[in-house]
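>
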Amino acid sequence: MADHAVEYAAAPGNDYAEHERTYANFLKLSKVCTAAVVLVMIALAIGGVKGHWGLCGIGVLLAIGSGVIGAMTPKGSVVPSIVAGVVLLGLYVLFG
């Protein structure tokens, strides 16, 4: 059986601070990408139900842009995706 006497954080060669930073960035990117995927799904629903594929393309571009902007923020803000979603739904109301 393996010897578990050494704690992971204190084991030689392990950089626990770097592990924590990587995990925090993973959580940030997961949050931002989930918001962007929801925006893409809304855009595809608009395109599929009403046939506004041009508006769908705009929504996908907004999702990509908001994902990049959200990923560049220090805490991984989903506000750009929310704003892009409101813009997309506003365009749908205006032109749909």
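Using numbering that gives the first Met the number 0, the first residue of the sequence shown is number 0, and each one after it goes up by one.
Where is the CB? At the ideal position from N, CA and C, for every residue including glycine.
The structure displayed is predicted, hence computed values, not measured ones.
Is it the case that the segment 15-23 contacts the segment 39-54, given that we only count it when at least three CB pairs across the two stretches are under 8 angstroms?
Contact fails: fewer than three Cβ-Cβ distances are below 8 angstroms.
> Going by the CB atoms, is the gap between S80 and G110 shorter than 8 angstroms?
The displayed coordinates of the chain run from 0 to 95. Any statement about residue 110 would go beyond what the structure contains.
> Helix, strand or coil for T33 per DSSP?
For this step, residue 33 is matched to residue 34 along the sequence shown. Of the three classes helix, strand and coil, the one that applies to T33 here is helix, per DSSP.
> Please report the distance separating the alpha-carbon of L38 from that of A16.
In the sequence shown, residue 38 corresponds to position 39, counting from 1. In the sequence shown, residue 16 corresponds to position 17, counting from 1. Computed Cα separation, rounded: 34 angstroms.
> Hey, could you find the ends of the alpha helix (DSSP H) G53 is sitting in?
The count along the sequence shown starts at 1 and reaches residue 53 at position 54. That run of the alpha helix (DSSP H) goes W52 to M71.
> Indicate the three-state DSSP secondary structure (helix, strand or coil) for G46 in the structure shown.
Counting from one through the sequence shown, the residue named residue 46 turns up at place 47. Of the three classes helix, strand and coil, the one that applies to G46 here is helix, per DSSP.
> Determine the direct distance from the alpha carbon of L26 to that of L43, and round the result to whole angstroms.
Numbered from its first residue, the sequence shown carries residue 43 at position 44. Numbered from its first residue, the sequence shown carries residue 26 at position 27. Roughly 26 angstroms between the two C-alpha positions.
> Which residues bound the alpha helix (DSSP H) around G84?
Position 85 of the sequence shown, counted from the start, is the residue given in the question as residue 84. Note, G84: alpha helix (DSSP H), V78 to F94.
> Please identify the residue among A62, V85 and I57 whose C-alpha is closest to the C-alpha of T33.
Against the sequence shown, residue 33 aligns to sequence position 34. Minimum Cα distance to T33 is reached at A62.
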